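Colleague: With the numbering used here applied, the sequence shown corresponds to residues 3 to 155, in that order.
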Amino acid sequence: MTLVQHVLHKYPAVGRDNLIPILQEIQTAEGYLSKKSILEVGRYLDIPASKIFGVATFYNQFRFEPFGVNHVQVCRGTACHVLGSSTVLQELEKHLKVKAGQTTRDGQFSIEVVACIGACGLAPVICVNGEFHAKVTAQSIKEIVDSYKTKGE
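Structure (structure tokens):
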């Protein structure tokens, strides 16, 4: 039994009203919504995959790519914004050659913009795999990213 089938068996005789909870549970288990999982849910609920994709893209909680080995969260809360997190994000995207919401081709890094990490006193702050980096600057991004490249080697 696939992971998606396991989730779907929890929802017998289900209707469209359970689409969001099903997608949430699949994403929690898989880390993202794959094309295969969307197709499987569509068959189960008798809903075209295009409709499911339309619903899922409406909500920014859903991802369609897995996170990278190193998941970078960039805080864009008020304190971080005022202290330059937009420049930090631009430099991170430039250095990794991907945009926020994407994963590098080698699967090593993904970037996620978050509304607030809750570490305003450290602003601007990024979080990599749960490890906080305080008072980040455009200049310190390369060093931070490179330190994670060497951890994986």
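Ideal Cβ placement from N, Cα and C applies to all residues, glycine included.
The structure displayed is predicted, hence computed values, not measured ones.
Please state whether the Cβ-Cβ distance between residue 6 and residue 52 is less than 7 Å.
Modeller: Position 4 of the sequence shown, counting from 1, holds the residue named residue 6. Position 50 of the sequence shown, counting from 1, holds the residue named residue 52. No, the Cβ-Cβ distance between residue 6 and residue 52 is not below 7 Å.
Colleague: Taking the alpha-carbon of residue 144 as reference, which of 118, 94, 112 has the nearest alpha-carbon?
Modeller: On the sequence shown, position 142 is the one that residue 144 refers to. Answer by Cα proximity: 94.
Colleague: How would you write the range of the beta strand (DSSP E) that residue 135 sits in, first residue to last?
Modeller: As a first step, residue 135 is located in the sequence shown; it is residue number 133 there, counting from the start. Start and end: 133-135.
Colleague: If you count every other CB in all the chains shown that lies within 10 Å of the CB of residue 111, and 16 or more means buried, which is it?
Modeller: Counting from 1 along the sequence shown, the entry for residue 111 is found at position 109. Residue 111 is buried by the Cβ-count criterion.
Colleague: Residue 121: which of 140, 98, 114, 79 sits nearest, CA to CA?
Modeller: Position 119 of the sequence shown, counted from the start, is the residue given in the question as residue 121. Closest by alpha carbon: 79.
Colleague: Quick check: the region 47-63 against the region 88-102, are there 3 or more CB pairs under 8 Å?
Modeller: no
Colleague: Would you report the Cα separation of residue 55 and residue 29, rounded to the nearest angstrom?
Modeller: One-based indexing of the sequence shown puts residue 55 at position 53. One-based indexing of the sequence shown puts residue 29 at position 27. Those two C-alpha atoms are separated by around 13 Å.
Colleague: Taking only three categories from DSSP, how would you classify residue 147?
Modeller: The residue you call residue 147 lines up with position 145 of the sequence shown. Helix.
Colleague: Helix, strand or coil: how does DSSP classify residue 8 here?
Modeller: The residue you call residue 8 lines up with position 6 of the sequence shown. Note: residue 8 maps to helix in three-state DSSP.
Colleague: By Cβ distance, which residues of its chain are closer than 7 Å to residue 82, with the 5 residues on each side in sequence left out?
Modeller: Position 80 of the sequence shown, counted from the start, is the residue given in the question as residue 82. Cβ neighbours of residue 82 beyond the five flanking positions: 125, 126, 127.
Colleague: Using C-beta distances below 7 Å, list every residue in its chain close to residue 87, excluding the 5 sequence neighbours before and after it, in chain order.
Modeller: Counted from its first residue, the sequence shown places residue 87 at position 85. Cβ neighbours of residue 87 beyond the five flanking positions: 76, 77, 78, 126.
Colleague: Assuming contact is defined by CB atoms lying nearer than 7 Å, are residue 183 and residue 130 in contact in what I supplied?
Modeller: Here the chain covers residues 3 to 155 and nothing more, so residue 183 does not appear.
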